[in-house]
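Colleague:
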Ligand code: HEC
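Set out below in structure tokens:
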């Protein structure tokens, strides 16, 4: 039994490391930064104040009225130069991010991640 459990755990660990290896390192970095810095407002879950959506996702759903997804991870129209404009200047209720908080490389990585996540969602 113990051997069986160990081999199941090993199998799970191996398949996880294969998935991580398959992911482009820039995309993997972008996912990490997005989860830490953007997902608290732009994630796809409900808000922790009981609202149906997180504030960024809710604001963009309202703004685009269905012509674009409210969730950034489903958007394919935010290449690094466009994303950088919004993130560095701030927009509406979103404060700008300074280079000390988020580097240009981080923004490029987030753009690569959004590209990959929206492509995966379309499949
Ligand atoms: C404190 C919450 C919050 C955080 C954190 C946050 N945002 Fe936002 N963001 C918003 C809100 C709210 C809007 C909608 C602003 C408006 O148009 O009124 C927005 C708008 C945007 C837009 C504009 C999209 C469009 O089509 O108009 C982009 C791009 C964006 N955010 C990217 C990001 C990225 C990338 C991060 C992480 C680095 C991030 N945001 C972090 C709240 C947040």
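In this note's numbering, the protein residues as written are 1 to 123.
Here a beta-carbon is modelled for each residue, glycine too, at the ideal position from N, C-alpha and C.
A quick note: this is a predicted structure, and the numbers were derived from the prediction, not measured.
#1: Using a Cβ-Cβ cutoff of less than 6 angstroms, which residues in the same chain neighbour residue 31 once the five nearest sequence positions on both sides are dropped?
#2: Exposed or buried, residue 98, counting other C-beta atoms within 10 Å across all chains shown (16 or more means buried)?
#3: When you compare each of 100, 48, 84 and 73 to residue 35 by their alpha carbons, which one comes out closest?
#4: Buried or exposed: residue 54, going by 16 or more other Cβ atoms within 10 Å of its Cβ?
#5: Does the contact criterion of 3 or more C-beta pairs under 8 angstroms hold for the stretch 60-68 versus the stretch 103-112?
#6: Using CA atoms only, rank isn't needed, just tell me which of 109, 93 and 80 is closest to residue 57.
#7: With the cut-off set at 8 angstroms, would you say residue 78 and residue 119 are in Cβ contact?
#8: For residue 70, count neighbouring Cβ atoms within 10 angstroms of its own Cβ and tell me buried if that reaches 16, exposed if not.
#9: Quick one: residues in its chain with C-beta nearer than 7 angstroms to the C-beta of residue 45, no 5 flanking neighbours on either side, listed in chain order?
Modeller: According to the structure data:
#1: 113
#2: So residue 98 counts as exposed.
#3: With distances taken between Cα atoms, residue 35 lies closest to 73.
#4: buried
#5: no
#6: In terms of Cα proximity to residue 57, the closest of 109, 93 and 80 is 93.
#7: no
#8: With a 10 Å radius around the Cβ and a threshold of 16 neighbouring Cβ atoms, residue 70 comes out buried.
#9: 54
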